[in-house]
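Chemist: Residue numbers (my numbering), protein chains in the order written: chain F, 1 to 183; chain Y, 1001 to 1183. Glycine included, each C-beta is placed from N, C-alpha and C at the ideal position. Can you read through this structure? Questions will come right after.
2 protein chains.
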Amino acid sequence: MAQKNTLRYVILGLLSKEPMAGYDIKKAFEGEIGDFWYSNHSQIYPELGRMEQDGFIIGHEEIVGSKLTKKKYTITPSGKALVDEWLAESLSSLPPTRDEFAMKVYFMDSAEDPLLVALFQEEILRHEEKLDYLQSRWKVLFSEAGSEQDHFGHALILERAIRREKDQLAWLREAYKRLPGKK
Amino acid sequence: MAQKNTLRYVILGLLSKEPMAGYDIKKAFEGEIGDFWYSNHSQIYPELGRMEQDGFIIGHEEIVGSKLTKKKYTITPSGKALVDEWLAESLSSLPPTRDEFAMKVYFMDSAEDPLLVALFQEEILRHEEKLDYLQSRWKVLFSEAGSEQDHFGHALILERAIRREKDQLAWLREAYKRLPGKK
DNA sequence: ACTTAACATGTAATTATTTACATGTTATAA
DNA sequence: TTATAACATGTAAATAATTACATGTTAAGT
C-alpha cells in the first residue's frame, strides 16, 4: 500500500489559501501552524519539486531586491481537487504514540525512586513553557474582538492545543502531589 | 549529532525487568505498553542484534515444544548501566506534533463547511473508542484492590492516558456543539 | 484430518524524517 | 563598514519507521 504523505496535503492546503515559496512554508511550520505540523526545509523543497512535476502546483520565480530569487508556487485545479479530496476523506489511522516521559515513569516502578520527582518536575516545566507560548500566540492572533471569526479554524485548533496543555498540566500537578518520593 | 534511538532504551528498560525474546517485546508493544510506545518487529529484531553486538544484552536460544526456538535476551551490567543513565538524564526535546485532524480543521476555515461536522464526529468516535479500550485495560490490570501499588508506574501512565482521552473528548464535544454548520 | 490463528524470527524495500553540507543575498544594528 | 541575523534554495547522508517478503512451528478448534 502506498504511503500517506500527509505533508503533500498540508502544503497543498497552505497553497490553496495563497501562493507561497518554500521558505514561506518553512516559516509557517516554525510559527503559525508549528504546533500542528512541522517539516524541515530539506523535506519541503523536494516535495514542492515533485508536486510541480505532478502538476499540482506551478512555480514562478520572483526577484526580491536586486538579485535574490524567491520561487512562489501557485496551486493548480488538479492540486485544489487533491486537497478537497483529502479534506473529504476520513482521517488516516492514528500514528502510534511514542511517549518517552511515560516510558520512564513505567520503568521507575518503585514509586520511591527519587528520579521520579525530578522527572515530573521537568515534564511540568515543559508543559508550562508550552502553555505560555500558546497563550501568547492567542493574544497576538485573536486579542481584537471578531478576529476569531475571520480565522475560525485557526482559533479552534489553537484553543484545542491550549486546552490540551492545561489539562495535561492539571493532571501532572495532581499526580505530582501524590508521589510518595516527594520531599 | 548522534541520533536518539529511544527504542534501544525502551527495550533495555523492558529487559531490565525480566529476560524477554523479540516476540515478547513485540507483544508488549501490542498490549501492555502499546499506548506509550510502539515498534514493528522488523525494527525490534535488528535492534536486539545490534545491542547484543554492543554487549548490552546476551541472547540464549530456548527450545519451546520440540523444535521451535525462542531467543531470550538477558540484560548485562553495561546494559543496566545504560538504562539507568537514560532514566537519570533529562528528557529529550519533544518531537514535533503532527496532527492531521488539526490541519484539516485549519484548512476548513469557513466554519459553515459541512465537512467540519463530519470531521468532528469522526474524531469524537475515535477518542471514544480509545477511551473505552483504555478503561477496559484498567479494569483488567487494576480492578483488584492493592494491585496499583505493585505496578505504580504502569498505573500512573495508564491513568494519564485515560485522563488525556477524557479531556480531549470533553473539548471535542463542547466545540462540536458550537459549530455553526451543525444541523 | 484439516484448517486457522498464534507463535517465532528474520531480511528487503520503501518511505519519512533529521542532520549536515553547501551557497549566495539582503536588511539591520553596532 | 562590518559583522550578524534573517532571507532564500537547494542536495547529501544518515537514521527511523513502515510495509512487504519469507519461512517454519505449534496449539486449538472444526
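Which residues in chain F sit within 8 Å of Y/H1151, going by Cβ to Cβ distance?
Modeler: Mapped onto the second sequence, residue 1151 of chain Y falls at position 151. Those within 8 Å of Y/H1151 in chain F are D109.
Chemist: Using 8 Å as the threshold, is the stretch 1105-1114 of chain Y in touch with the stretch 154-164 of chain F, meaning 3 or more CB pairs across them?
Modeler: A contact exists between the stretch 1105-1114 of chain Y and the stretch 154-164 of chain F.
Chemist: With hydrogens ignored, establish whether the beta-carbon of Y/I1063 is closer than 8 Å to any heavy atom of the ligand SAM.
Modeler: In terms of ligand content, the structure shown is empty, and the ligand SAM therefore cannot be addressed.
Chemist: Hey, Y/Q1149 and F/A175: beta-carbon distance below 9 Å or not?
Modeler: Along the second sequence, one-based indexing puts residue 1149 of chain Y at 149. Along the first sequence, one-based indexing puts residue 175 of chain F at 175. Cβ distance not < 9 Å, so Y/Q1149 and F/A175 don't count as in contact.
Chemist: What does Y/K1154 touch in chain F if you count any residue whose Cβ is under 8 Å from its own?
Modeler: In the second sequence, the residue the question calls residue 1154 of chain Y occupies position 154. In the sequence on display, residue 1154 of chain Y carries His and not Lys. Those are Y106 and D109, listed as they occur along chain F.
Chemist: Grouping DSSP H, G and I as helix and E and B as strand, with all else coil, what is Y/Y1023?
Modeler: Counted from its first residue, the second sequence places residue 1023 of chain Y at position 23. Looking at Y/Y1023 - three-state DSSP - the assignment turns out to be helix.
Chemist: Residues of chain Y with CB under 8 Å from F/V10, in chain order?
Modeler: Here the question's residue 10 of chain F lines up with position 10 in the first sequence. Correct list: M1103.
Chemist: Which complete alpha helix (DSSP H) runs does the stretch 1051-1099 of chain Y hold, if anything under 4 residues is left out?
Modeler: Runs found: 1077-1088.
Chemist: Look at Y/L1087 and F/L87 and say whether their C-beta atoms are less than 9 Å apart.
Modeler: For the purposes of this step, residue 1087 of chain Y is taken as residue 87 along the second sequence, with counting starting at 1. For the purposes of this step, residue 87 of chain F is taken as residue 87 along the first sequence, with counting starting at 1. The answer is no: Cβ separation not under 9 Å.
Chemist: Please list the residues of the stretch 89-102 of chain F that have a C-beta atom closer than 8 Å to any C-beta atom in chain Y, keeping them in chain order.
Modeler: Per Cβ criterion, the list reads S90, L91, S92, L94, P95, P96, T97, R98, D99, E100, F101 and A102.
Chemist: State yes or no: is the C-beta of F/T69 within less than 9 Å of the C-beta of F/I57?
Modeler: Stepping through the first sequence from its first residue, residue 69 of chain F is reached at position 69. Stepping through the first sequence from its first residue, residue 57 of chain F is reached at position 57. Cβ distance not < 9 Å, so F/T69 and F/I57 don't count as in contact.
Chemist: Under 9 Å Cβ-Cβ, which residues of chain Y neighbour F/Q168?
Modeler: Indexing the first sequence from 1 puts residue 168 of chain F at position 168. Here the neighbours are R1160, R1163, R1164 and D1167.
Chemist: Going by CA-CA distance only, name the one from F/D54, F/F29, F/G55 and F/K130 that's closest to F/Q43.
Modeler: Your numbering for residue 43 of chain F matches position 43 in the first sequence. Here the closest residue by C-alpha is F/F29.
Chemist: With H, G and I counted as helix, E and B as strand and the rest as coil, what does DSSP make of Y/P1046?
Modeler: On the second sequence, residue 1046 of chain Y is found 46 positions in, with the first residue counted as 1. DSSP places Y/P1046 in helix when its eight states are reduced to three.
Chemist: In chain Y, which residues lie less than 8 Å from F/L115 when you measure between Cβ atoms?
Modeler: Counted from its first residue, the first sequence places residue 115 of chain F at position 115. The contacting residues are L1087 and A1088.
Chemist: State yes or no: is the beta carbon of F/G34 nearer than 9 Å to at least one beta carbon in chain Y?
Modeler: As a first step, residue 34 of chain F is located in the first sequence; it is residue number 34 there, counting from the start. Yes - at least one Cβ of chain Y is within 9 Å of the one on F/G34.
Chemist: Whose CA, out of F/E128, F/S16 and F/M20, lies closest to the CA of F/A81?
Modeler: By 1-based counting over the first sequence, the position of residue 81 of chain F is 81. Per the Cα distances, F/S16.
Chemist: Do the stretch 1048-1068 of chain Y and the stretch 158-173 of chain F meet, that is, are 3 or more Cβ pairs less than 8 Å apart?
Modeler: Output reads no: the stretch 158-173 of chain F does not touch the stretch 1048-1068 of chain Y.
Chemist: List the endpoints of the continuous alpha helix (DSSP H) containing F/G146.
Modeler: Taking the first residue of the first sequence as position 1, residue 146 of chain F is located at position 146. Looking at the DSSP string, F/G146 is not in any alpha helix (DSSP H), and its letter there is neither H nor E.
Chemist: Closest to Y/N1005 by CA distance: which of Y/S1039, Y/G1146, Y/M1020 and Y/G1034 is it?
Modeler: As a working note, residue 1005 of chain Y is residue 5 in the second sequence. Of the candidates Y/S1039, Y/G1146, Y/M1020 and Y/G1034, the one whose C-alpha sits nearest the C-alpha of Y/N1005 is Y/S1039.
Chemist: Pull up the distance between the alpha-carbon of F/S93 and that of F/I63, whole angstroms please.
Modeler: Indexing the first sequence from 1 puts residue 93 of chain F at position 93. Indexing the first sequence from 1 puts residue 63 of chain F at position 63. If you take the alpha carbons of F/S93 and F/I63, they lie about 42 Å apart.
Chemist: Are the beta-carbon atoms belonging to Y/R1178 and Y/I1124 less than 9 Å from one another?
Modeler: Position 178 of the second sequence, counted from the first residue, corresponds to residue 1178 of chain Y. Position 124 of the second sequence, counted from the first residue, corresponds to residue 1124 of chain Y. Not in contact: Y/R1178 and Y/I1124 (Cβ atoms no closer than 9 Å).
Chemist: Please classify Y/M1001: does DSSP put it in a helix, a strand, or coil?
Modeler: Position 1 of the second sequence, counted from the first residue, corresponds to residue 1001 of chain Y. Its pLDDT being 37, under 50, Y/M1001 is placed unreliably in this model, and the value from its coordinates should be taken loosely. Reduced to three states, the DSSP call for Y/M1001 is coil.
Chemist: Rounded to the nearest angstrom, what separates F/I25 and F/I11 at their Cα positions?
Modeler: Walking along the first sequence from the start, residue 25 of chain F turns up at place 25. Walking along the first sequence from the start, residue 11 of chain F turns up at place 11. Near 7 Å, if we compare the C-alpha coordinates of F/I11 and F/I25.
Chemist: Please list the residues of the stretch 36-69 of chain F that have a C-beta atom closer than 9 Å to any C-beta atom in chain Y, keeping them in chain order.
Modeler: Listed by position, the residues of the stretch 36-69 of chain F near chain Y (Cβ gap below 9 Å) are F36, W37, Y38 and S39.
Chemist: Taking all protein chains shown into account, decide if F/E144 is buried (16 or more other Cβ within 10 angstroms of its Cβ) or exposed.
Modeler: By one-based count along the first sequence, residue 144 of chain F stands at place 144. Looking at its Cβ environment, which holds fewer than 16 other Cβ atoms inside 10 Å, F/E144 is exposed.
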